[in-house]
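Student:
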Amino acid sequence: PDFIRDKLTVRTKDNALLALEVTFRWQFRVDTKQPQKLFALKDFVGFAAQTLSSEIREAAAQHDFESFHSGAALIVKRAIFGEDSERVFAQNGLVILGIDVESVTPDDKEIATKLTQTIKTTVDIVTKRQQEEAQLESERRLIEGRAKNEEQRKHLIALEVANENTRVLET
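Mapping to the working numbering: the sequence shown position 155 is 228, numbers consecutive.
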């Protein structure tokens with residue numbers, strides 16, 4: 074496989090425990106002068122996962138629950154890559170090319186339940202607001218349509234009056 078999948082628990086600076094599932098895309102960059110480096114580590118997957126997990130835990134410890142939960146993907150990528158687009162392990166030429174944070178869930182069931190309720194409430198509020206905005210837009214269009222109809226009716230009446238006046242003058 075060209076990926077490493079890992080599950081880890083991190084603790085934020087406000088002591089919230091979060092379970093993360095991450096996937097690291099990788100490949101080997103072979104040093105043609107020292108190809109034996111590929112075999113320098115017995116368990117390159119374990120070494121990489123342990124090193125990367127440690128860096129993710131360190132980054133999580135610098136953020137509170139809310140900021141880490143909402144920005145986990147970006148925080149994890151910065152922790153692993155910094156400003157670079159890849160991470161190279163010089164020991165064996167392993168290159169981490171990408172990171173996918175698949176899930177971030179509170180380890181505490183009570184917090185997870187409250188977070189789910191909060192997300193549901195937020196979605197309900199946003200949905201209701203969008204429905205209200207759509208209703209208001211519909212009403213605005215209806216009023217504009219009626220106003221245009223009224224303008225056209227005034228114009229038609231003015232034409233009919235002008236036509237009637239022309240007919241009276243001709244007779």
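The beta-carbon is built from N, C-alpha and C at its ideal position, and this holds for glycine as well.
What is the residue span of the alpha helix (DSSP H) that E131 lies within?
Tutor: It spans 117 to 133 - the alpha helix (DSSP H) in which E131 sits, taken as one unbroken run.
Student: Go ahead and label V177 buried or exposed: buried means 16 or more other beta carbons lie within 10 angstroms of its beta carbon, across all protein chains shown.
Tutor: V177 should be labelled buried.
Student: Along the chain, which unbroken stretches of the beta strand (DSSP E) at least 3 residues long are found entirely within the stretch 191 to 230?
Tutor: You should have found no qualifying run.
Student: What did DSSP end up calling E94 once you bin it into helix, strand or coil?
Tutor: Strand at E94.
Student: Tell me, please, which residues DSSP counts as bridged to G155.
Tutor: G155 pairs with nothing; no bridge assigned.
Student: Taking 8 Å as the limit between beta carbons, can you name the residues of its chain near V149, skipping five residues before and five after?
Tutor: The answer, listed in chain order, is L93, V95, I129, A132, I172, V174.
Student: For Q109, which three-state DSSP category applies?
Tutor: If DSSP states are grouped into helix, strand and coil, Q109 belongs with the helices.
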